[in-house]
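According to numbering that gives the first Met the number 0, the sequence shown is numbered sequentially starting from 0. Beta carbons: idealized from backbone N, C-alpha and C, even for Gly. Below is one structure, written out as structure tokens; comments come after it.
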Amino acid sequence: MATLESIDEVLATHQPALPSTRLSMVEQTLTRLLLLLVIGVTLGLLLMPETVWDEGLRPIIWEPIQQDAGAQGDAGYSYQNTAIYTFGLLASVVVFQALFRTLQLPADDKMMIALIAWVCLAPIFRVLEDADFFPSSIDWLLISPIIHLHLATWLIGIGFVSHLVGK
Numbered sequence: 000m001a002t003l004e005s006i007d008e009v010l011a012t013h014q015p016a017l018p019s020t021r022l023s024m025v026e027q028t029l030t031r032l033l034l035l036l037v038i039g040v041t042l043g044l045l046l047m048p049e050t051v052w053d054e055g056l057r058p059i060i061w062e063p064i065q066q067d068a069g070a071q072g073d074a075g076y077s078y079q080n081t082a083i084y085t086f087g088l089l090a091s092v093v094v095f096q097a098l099f100r101t102l103q104l105p106a107d108d109k110m111m112i113a114l115i116a117w118v119c120l121a122p123i124f125r126v127l128e129d130a131d132f133f134p135s136s137i138d139w140l141l142i143s144p145i146i147h148l149h150l151a152t153w154l155i156g157i158g159f160v161s162h163l164v165g166k
């Protein structure tokens with residue numbers, strides 16, 4: 000079994016496969032796929048709202064969120080929307096990690112400790128939402144996947160502003 004010292008030694012002498020400024024094939028593919036998806040959905044909502052929203056996104060994504068935010072809570076998630084949420088989350092993590100790396104944002108212990116608070120915030124807010132701590136007008140903001148999206152937006156925005164201020 001490897002010791003902590005031997006792992007540290009291997010990591011200290013390890014050379015990355017790619018420079019930090021280059022994206023791997025997976026990162027490039029997921030970045031392009033997410034961009035195409037955002038552009039496609041936006042164009043679809045503008046040009047064919049009945050098809051994209053009424054017959055697509057609304058029943059699969061939005062209605063379960065609204066039901067979950069309601070008084071009964073715990074709306075039934077389907078395999079379809081769970082797969083969409085899972086792929087979206089994993090792809091976003093890969094894309095944002097690649098973006099942060101190419102921008103040379105720190106990924107040290109201090110950064111990881113700071114991010115733990117953000118990771119804990121979503122389930123804490125969700126529990127408070129289930130306990131009716133917040134007004135019902137904002138319940139939908141505290142339901143998965145919306146809570147993760149808006150917390151990620153805050154995190155990325157604050158990180159970007161902090162990076163600019165720190166320069």
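May I ask which residues mark the beginning and end of the alpha helix (DSSP H) holding VAL9? Start at 1 with the first residue of the sequence shown, and residue 9 comes out as number 10. It spans 3 to 12 - the alpha helix (DSSP H) in which VAL9 sits, taken as one unbroken run.
Assign GLN103 to one of three DSSP states: helix, strand, or coil. Taking the first residue of the sequence shown as 1, we reach residue 103 at position 104. The answer is coil: DSSP assigns GLN103 none of H, G, I, E or B.
Just mark PRO18 as buried or exposed, buried being the case when its beta carbon has 16 or more other beta carbons within 10 Å. Counted from its first residue, the sequence shown places residue 18 at position 19. PRO18 is exposed by the Cβ-count criterion.
Assigned exposure category for ILE64 - 16 Cβ within 10 Å defines buried: As a first step, residue 64 must be located in the sequence shown, where it is residue number 65. It counts as buried.
Take THR30 and list the residues in its own chain whose beta-carbon comes closer than 6 Å to its own, dropping the five residues that flank it on each side. On the sequence shown, residue 30 is found 31 positions in, with the first residue counted as 1. Around THR30: VAL94.
Please report the straight-line C-alpha distance between ALA167 and HIS13, rounded to a whole angstrom. The first residue shown for the chain is 0 and the last is 166, placing residue 167 beyond what the model contains.
Rounded to the nearest angstrom, what separates LEU89 and LEU33 at their Cα positions? By one-based count along the sequence shown, residue 89 stands at place 90. By one-based count along the sequence shown, residue 33 stands at place 34. Cα-Cα distance, rounded: 11 Å.
TYR76 (DSSP reduced to helix, strand or coil): Position 77 of the sequence shown, counted from the first residue, corresponds to residue 76. If DSSP states are grouped into helix, strand and coil, TYR76 belongs with coil.
Are the CB atoms of ASN193 and ILE112 nearer to each other than 9 Å? Because the chain is modelled from 0 through 166, residue 193 falls outside the range shown and cannot be assessed.
For GLU128, does the count of other Cβ atoms within 10 angstroms reach 16, so buried, or fall short, so exposed? Numbered from its first residue, the sequence shown carries residue 128 at position 129. By the neighbour-count rule (16 or more Cβ atoms within 10 Å), GLU128 is buried.
Using only CA atoms, which one of GLY39, LEU3, THR152, PHE132 lies nearest to TRP117? The residue given as residue 117 occupies position 118 in the sequence shown. Checked all of GLY39, LEU3, THR152, PHE132; the closest Cα to TRP117 is THR152.
Give a yes or no on whether the C-beta atoms belonging to ARG125 and ILE155 are separated by under 9 Å. Numbered from its first residue, the sequence shown carries residue 125 at position 126. Numbered from its first residue, the sequence shown carries residue 155 at position 156. Result no, Cβ atoms of ARG125 and ILE155 do not sit closer than 9 Å.
Please report how far the alpha carbon of HIS167 lies from the alpha carbon of LEU98, in whole angstroms. Because residue 167 is not part of the residues shown, which for the chain are 0 to 166, the question remains open.
Local conformation of PHE95 per DSSP, three classes: Within the sequence shown, numbered from 1, the residue matching residue 95 stands at position 96. Reduced to three states, the DSSP call for PHE95 is helix.
By DSSP, does ILE142 sit in helix, in strand, or in coil? Counting from one through the sequence shown, the residue named residue 142 turns up at place 143. Coil.
Which word fits ASP67, buried or exposed, when buried means at least 16 other C-beta atoms lie within 10 angstroms of its C-beta? Walking along the sequence shown from the start, residue 67 turns up at place 68. ASP67 comes out buried.
Counting C-beta neighbours from all protein chains within 10 Å, is the total for VAL22 16 or more, i.e. buried, or is it exposed? Within the sequence shown, residue 22 is the residue found at index 23, counting from 1. Going by the sequence as given, residue 22 is Leu instead of Val. It counts as buried.
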